[in-house]
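Visitor: My structure is below; once you've seen it, I'll send some questions.
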Amino acid sequence: MSEQPKSRVGTEPVSLAEAVRLVLVAVVAGGWLAIPDTTINIIVSTVGVLGSILSTILARRRVVPVARLDRQ
């Protein structure tokens, strides 16, 4: 039986991507509350969405599907 790869708690790519997403949500929400200019808020929101998409793509690249692990 093959051993599972050991990783540190909280360093899995998906949990890191989720942490990045939560930080981006907090930044965007803080921007909408603190910055009165709507144009800047839209820019901050767009950067937040793009950052979320990028972190998801990077996290999914690092994840090995279970089906591939079963074949090993």
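In full-length UniProt numbering, the protein residues as written are 1 to 72.
C-beta: ideal position from N, C-alpha, C; glycine also.
All values reported here derive from a predicted model rather than from experimental measurement.
Between which residues of its own chain and residue 51 is the CB-CB distance below 6 Å, once the five residues before and five after are set aside?
Guide: Excluding residues within five positions, the ones whose Cβ falls inside 6 Å are 24.
Visitor: Verify whether the separation of the beta carbon atoms of residue 59 and residue 17 is less than 8 Å.
Guide: A distance below 8 Å separates the beta carbons of residue 59 and residue 17.
Visitor: Just verifying my parser: in three-state terms, what is the DSSP assignment at residue 73?
Guide: Any answer about residue 73 is impossible in this case: the structure gives the chain only from 1 up to 72.
Visitor: Is it buried or exposed for residue 28, if we count other Cβ within 10 angstroms and need 16 for buried?
Guide: buried
Visitor: Are residue 44 and residue 31 touching if we call contact CB-CB under 8 Å?
Guide: Less than 8 Å divides the Cβ of residue 44 from the Cβ of residue 31.
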